[in-house]
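Here the structure comes first, spelled out in structure tokens, and everything after it is commentary.
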Amino acid sequence: MKVKDYRAMDAETRAKELLAMHREQLNLRMQKATGQLANSTLLPKVRRNIARLRTVMNEKVK
Numbered sequence: 102m103k104v105k106d107y108r109a110m111d112a113e114t115r116a117k118e119l120l121a122m123h124r125e126q127l128n129l130r131m132q133k134a135t136g137q138l139a140n141s142t143l144l145p146k147v148r149r150n151i152a153r154l155r156t157v158m159n160e161k162v163k
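Numbering (the working numbering), first residue to last: 102 to 163.
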């Protein structure tokens, strides 16, 4: 997702999205550890999306 999409969300939706992304990151890490991950570029993409979302969440706090 893009930053403008995260900014358009309300706080509750952003929190749910963050939780979903953390779960996805965990699942991808488990797949990588067991050798089942076919597309290894998904891990950094999810990590960057988490960082984008947390940045927007911190902007809204200030």
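Beta carbons are placed, not taken as given, at the ideal position from N, Cα and C, and that holds for glycine. From a predicted model like this one, the values you see are computed outputs, not experimental measurements.
Coil, strand or helix - residue i by DSSP
{"i": "M122", "result": "helix"}
{"i": "A116", "result": "helix"}
{"i": "T142", "result": "coil"}
{"i": "K105", "result": "helix"}
Cut-off 8 Å between Cβ atoms - residues of its own chain near residue i, not counting five sequence neighbours on either side
{"i": "M122", "result": "V147, N150, I151, L154"}
Residue environment, residue i, which counts as buried when at least 16 other CB atoms sit within 10 Å
{"i": "L127", "result": "exposed"}
{"i": "L129", "result": "buried"}
Sequence-distant residues of its chain with Cβ nearer than 7 Å to residue i (five each side left out)
{"i": "M158", "result": "R115"}
Sequence-distant residues of its chain with Cβ nearer than 6 Å to residue i (five each side left out)
{"i": "L119", "result": "L154"}
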